[in-house]
(Lines of atoms letter the chains of each structure in order from A and count residues from 1; the text may use other names and numbers.)
(Lines give C-alpha, C1' and ligand atoms only; values in the text may rest on other atoms or scores of the structure.)
Protein backbone atom coordinates (compact mmCIF):
# COMPACT_ATOMS: atom_id res chain seq x y z
CA UNK A 1 0.00 0.00 0.00
CA UNK A 2 1.50 3.31 -1.05
CA UNK A 3 1.88 5.96 1.61
CA UNK A 4 3.77 9.13 2.42
CA UNK A 5 5.28 10.20 5.70
CA UNK A 6 7.08 12.76 7.79
CA UNK A 7 9.62 12.10 10.51
CA UNK A 8 9.10 14.41 13.46
CA UNK A 9 12.30 14.50 15.51
CA UNK A 10 12.59 14.11 19.23
CA UNK A 11 12.89 17.55 20.76
CA UNK A 12 16.27 19.07 20.07
CA UNK A 13 17.51 16.37 17.68
CA UNK A 14 17.07 18.18 14.35
CA UNK A 15 14.64 20.62 12.73
CA UNK A 16 11.00 19.61 12.25
CA UNK A 17 9.79 19.45 8.63
CA UNK A 18 7.24 21.82 7.13
CA UNK A 19 3.81 20.61 5.92
CA UNK A 20 5.09 20.55 2.34
CA UNK A 21 7.95 18.15 3.10
CA UNK A 22 7.28 14.43 2.97
CA UNK A 23 8.75 11.15 1.80
CA UNK A 24 6.79 8.82 -0.53
CA UNK A 25 6.98 5.05 0.08
CA UNK A 26 5.80 1.89 -1.67
CA UNK A 27 4.65 0.40 1.64
CA UNK A 28 4.29 1.09 5.34
CA UNK A 29 7.18 -1.30 5.96
CA UNK A 30 9.39 0.85 3.73
CA UNK A 31 8.26 3.95 5.67
CA UNK A 32 9.20 2.26 8.95
CA UNK A 33 12.63 1.30 7.60
CA UNK A 34 13.16 4.89 6.51
CA UNK A 35 12.10 6.07 10.01
CA UNK A 36 14.66 3.80 11.69
CA UNK A 37 17.38 4.94 9.29
CA UNK A 38 16.48 8.64 9.59
CA UNK A 39 16.52 8.61 13.39
CA UNK A 40 19.75 6.60 13.52
CA UNK A 41 21.75 9.00 11.34
CA UNK A 42 20.55 12.21 12.99
CA UNK A 43 20.74 11.32 16.65
CA UNK A 44 22.20 8.97 19.16
CA UNK A 45 19.77 6.22 20.13
CA UNK A 46 18.93 7.81 23.48
CA UNK A 47 18.23 11.15 21.72
CA UNK A 48 15.84 9.55 19.20
CA UNK A 49 13.43 8.37 21.91
CA UNK A 50 10.16 10.16 21.27
CA UNK A 51 10.73 10.74 17.56
CA UNK A 52 7.51 10.25 15.59
CA UNK A 53 6.64 8.95 12.16
CA UNK A 54 3.37 10.28 10.78
CA UNK A 55 1.97 8.23 7.90
CA UNK A 56 -0.73 9.12 5.41
CA UNK A 57 -2.10 6.23 3.33
CA UNK A 58 -2.29 6.59 -0.44
CA UNK A 59 -0.51 9.26 -2.44
CA UNK A 60 -0.55 13.01 -1.82
CA UNK A 61 -2.79 15.19 -3.95
CA UNK A 62 -0.46 16.82 -6.52
CA UNK A 63 -2.52 20.03 -6.37
CA UNK A 64 -2.20 20.34 -2.58
CA UNK A 65 0.87 22.45 -1.69
CA UNK A 66 0.76 21.23 1.94
CA UNK A 67 -0.19 17.52 2.00
CA UNK A 68 1.08 17.11 5.58
CA UNK A 69 -0.76 20.07 7.12
CA UNK A 70 -2.08 18.54 10.34
CA UNK A 71 -5.04 20.90 10.61
CA UNK A 72 -6.55 19.73 7.32
CA UNK A 73 -4.88 16.31 6.83
CA UNK A 74 -4.54 14.34 10.06
CA UNK A 75 -2.24 11.32 9.68
CA UNK A 76 -3.70 7.84 9.28
CA UNK A 77 -1.04 6.29 11.51
CA UNK A 78 1.55 7.47 13.99
CA UNK A 79 4.57 5.48 15.16
CA UNK A 80 7.04 6.44 17.90
CA UNK A 81 10.64 5.45 18.51
CA UNK A 82 11.19 3.76 21.84
CA UNK A 83 14.21 3.91 24.15
CA UNK A 84 15.81 0.73 22.75
CA UNK A 85 15.28 1.51 19.06
CA UNK A 86 11.93 -0.25 18.79
CA UNK A 87 9.03 1.29 16.91
CA UNK A 88 5.51 1.28 18.33
CA UNK A 89 2.26 2.28 16.62
CA UNK A 90 0.22 4.73 18.69
CA UNK A 91 -2.52 5.60 16.15
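In our numbering, the protein residues as written are 596 to 686.
Ideal placement from N, C-alpha and C gives every residue a C-beta, glycine not left out.
No experiment lies behind these values; they were computed from the predicted model shown.
From the options, residue whose alpha carbon lies closest to that of residue i
i, options, result
"residue 616", "682, 605, 674, 655", "655"
"residue 665", "633, 597, 601", "601"
"residue 603", "658, 674, 621, 652", "674"
"residue 677", "630, 622, 621, 612", "630"
"residue 648", "621, 660, 634", "634"
is_contact[residue i, chain C] using C-beta, thresh 8 Å
i, result
"residue 617", "In summary, chain C is missing from the structure at hand, where a single protein chain is found."
Contact check, residue i vs residue j, beta carbons under 8 Å
i, j, result
"residue 627", "residue 685", "no"
Neighbourhood of residue i by C-beta, 7 Å cutoff - its chain only, sequence neighbours within 5 removed
i, result
"residue 652", "596, 598, 671"
Close Cβ partners of residue i (< 8 Å) along its chain, the five nearest in sequence each way excluded
i, result
"residue 662", "599, 614, 615, 617, 651, 655, 656, 668"
"residue 620", "597, 598, 599, 600, 626, 629"
Ranges of the alpha helix (DSSP H) found wholly within the segment 613-684, counting only runs of at least 4: Listed in chain order, the complete alpha helix (DSSP H) runs (minimum 4 residues) inside the segment 613-684 are 623-637, 640-643.
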